[in-house]
Amino acid sequence: MSKIKKSAKKQIKAKKEKIVIQSPKGMRDVLPADQLYWEKVRKSANKIADSFNFSRIDTPIMESLEVFERTGEATDIVEKQMYFVKAKGEKKLVLRPELTAPVMRAYIQHGLAKMPQPMKLFYTGPLFRYEQPQSGRFRQHHQAGFEILGGAFDSIYDALVILTLFRLLEELRIKNLIVQINSIGCRTCRPNYVKKLQEYYRNKKDKICKDCRQRLPVRPLRLLDCKNETCIQIKAGAPLIIDRLCNNCKKHLQQVLEHLDNLGVPYSINPYLVRGLDYYNGPVFEIFIEQAPSEINFALASGGRYDYLAEMMGGGKTFGIGGGMGMERAIEVMKFQQLSGLAKGEPKVFLVHIGDEAKKKNLVIFEELRKAGIKASESFGKESLKSQLHSADKANAALSLILGQKEVFEETIIIRNMKTGVQETVPISKIVDEVKKRI
RNA sequence: GUGCCUAUGGUGUAAUGGUAACACUGGAGUUUGUGGUACUCUCGACACGGGUUCGAUUCCCGUUAGGCACCCCA
């Protein structure tokens, strides 16, 4: 008996079974309500890029695996966080997990080194990392970035990239920005430092956490980032790279700081700052909100030098410095700081019809206004005068153009000022001029 | 990849082992061609799948998604 019941139940349930389609984990839709922010960020990025004289470059969102494999020793980003794309044939394709290497690939592939140097390149676009999403962390996110490739090895360019990103964030009216900066040395001084650091930790192996014990031989710089309490205590006595830079690196960092002083860009030295990708060298930086509450306590932008990257990728020796801003994160902060002034240009004119003939005529008027550069709104789908005026009100229209049967017959139209309620009747043939007069 | 927390209309919140309430939003209207207030009506949800149970939105398990802490990072 219960068997019969259950199978009956199953049949009913099978009928009811719902299909739920969601966006993939860590990937979000940008709905119309949020587009104002995105528009602002895109526009500002373009504006800043233009005023700093960066040229736009776009690269595919997929690259062959080698582009990222060659960018250095193993890092989590290239090792664990890449999306592989199943294609029919030959090469393994991946969704790009970052944008510096693709830009460098394009630079090498197209011989951009033959152009006047350095190349100042700018981009915006999505990138993909397989990781656990959290607020301010997505599997697909967008960056606006700036790269200066080729030319001389000059601290000016470091400062210029930092300044550009800083000004972009300012352009978004984000407040209390601060640049954190460090240097991770070069091929000469970093190995020496790493040795020192490993020596320091050698006799403290028992005290540090499990993770750190594993990390010590592979990625010793990460120990300085550990949040384990005892590790924090131990790291207080650890040697810092910033104290062990070679003369060149030390001088270079000092020059960058001097430029930032001259430009009035606020910064603080963070000796524990390290980068996620291994091809970086020399000064590295991240831009934060000063004393940020936890909701927005993340790096808004970051970058550094990558003077060895071109060679790793099979190109000639090329100096490089670049950085990127996380667009989602910038928007998060804009929302948090409640930045206003993002209002979109509302339609000023609203078309109202009474009856079918008027509705037909309104479509023509709509197109005439549009050709004349007047953005009109409408509610063709509604019939009652009341609800149409209600919509006009909701749309914040300054004027409503009311066309009824009588007006169609007389070839006139009523212009209603929505603020004062004053109405005037004008000939339809003059509607464009009459509207222009009033807005 | 690991651990913990969460999941009710479009949004924000209720309640309940016997299928859900409120506010806002959306739609229609309050007599004939006039909005912003007020009032009326109305659309709309228990994330998905399985189990326990006479019966599950409620309890349990799994999945998915979101959040937090790791990992890592814009």
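Residue 206 in our numbering sits at position 128 of the first sequence, with consecutive numbering throughout. Even for Gly, the Cβ is constructed at its ideal location relative to N, Cα and C. Only a predicted model underlies this, so the values are computations on that prediction, with no experimental measurement involved.
How many whole angstroms separate the CB atoms of residue i and residue j, which I take to be in contact at a CB cut-off of 8 Å?
i       : j       : result
Glu-209 : Val-172 : Going by Cβ atoms, the distance from Glu-209 to Val-172 rounds to 15 Å, so no, they are not a contact pair.
Ile-285 : Ile-312 : It should be noted that the sequence gives Lys, not Ile, for residue 285. That pair is a contact at about 6 Å.
His-337 : Ala-237 : 3 Å
Lys-426 : Ile-517 : 5 Å
Gly-382 : Arg-407 : Wrong, their Cβ atoms sit about 18 Å apart, outside the cutoff.
Ile-259 : Asn-348 : 7 Å
Leu-429 : Phe-444 : 6 Å
Ile-399 : Val-513 : With a Cβ gap of about 53 Å, Ile-399 and Val-513 do not count as contacting.
Met-412 : Tyr-115 : 6 Å
Pro-361 : Val-257 : No, Pro-361 and Val-257 are not in contact; Cβ-Cβ is about 10 Å, not under 8 Å.
Leu-378 : Leu-205 : With a Cβ gap of about 16 Å, Leu-378 and Leu-205 do not count as contacting.
Ile-135 : Ala-184 : 6 Å
Ser-261 : Ile-319 : 7 Å
Ser-457 : Gln-466 : 5 Å
Ser-133 : Lys-198 : 6 Å
Which stretch, first to last residue, makes up the alpha helix (DSSP H) that contains residue i?
i       : result
Lys-288 : 288 to 296
Met-390 : 387 to 390
Ser-469 : 463 to 472
Glu-406 : 405 to 414
Ser-122 : 110 to 129
Ala-436 : 434 to 449
Gln-210 : Gln-210 -> no alpha helix (DSSP H), and no H or E assigned at all.
Gln-311 : 307 to 313
Gln-303 : The displayed chain sequence assigns Asp, not Gln, to residue 303. Looking at the DSSP string, Asp-303 is not in any alpha helix (DSSP H), and its letter there is neither H nor E.
Ala-352 : The sequence given here has Val at residue 352, not Ala. Val-352 -> no alpha helix (DSSP H), and no H or E assigned at all.
Ile-155 : 154 to 157
In this structure, what does DSSP give as the bridge partners for residue i?
i       : result
Ala-454 : Val-427
Pro-204 : His-220
Leu-479 : Leu-429, Ile-493
Phe-366 : Ile-256
Gln-501 : Arg-494
Gly-380 : Just to set this straight, residue 380 is Ser in the shown sequence, not Gly. Paired residue(s): Glu-364, Gly-402.
Asn-359 : Arg-383
Glu-141 : Val-172
Run through DSSP, which three-state label would residue i get?
i       : result
Ile-90  : Any reading at Ile-90 must be qualified, since the residue scores a pLDDT of 43, below 50, and its modelled position is unreliable; the value itself is stated next. DSSP places Ile-90 in helix when its eight states are reduced to three.
Ile-82  : Reliability fails at Ile-82, whose pLDDT of 40 lies under 50, so the model's placement of it is uncertain and no value is given.
Phe-162 : strand
Ser-372 : helix
Tyr-345 : strand
Arg-134 : strand
Ala-184 : helix
Leu-199 : strand
Glu-512 : helix
Gln-332 : helix
Lys-96  : coil
Asp-107 : coil
Ile-320 : helix
Thr-149 : coil
Leu-338 : helix
Ile-517 : coil
Thr-178 : helix
Ser-507 : helix
Phe-487 : helix
Lys-460 : coil
Lys-192 : helix
Locate the beta strand (DSSP E) running through residue i, then write down its first and last residues.
i       : result
Leu-573 : With the chain covering only 79 through 517, there is no way to say anything about residue 573.
Relative to the ligand NAD, is the shortest distance from any of its heavy atoms to the C-beta of residue i smaller than 8 Å?
i       : result
Val-181 : Absence of the ligand NAD from the depicted structure is noted, as is the absence of any ligand whatsoever, leaving it without description.
* Asked: Where are the beta strand (DSSP E) runs, 3 residues long or more, that stay fully inside the region 212 to 281, in chain order?
  -> Positions of the beta strand (DSSP E) runs, each at least 3 residues long and wholly inside the region 212 to 281, are given as 218 to 227, 255 to 261 in order along the chain.
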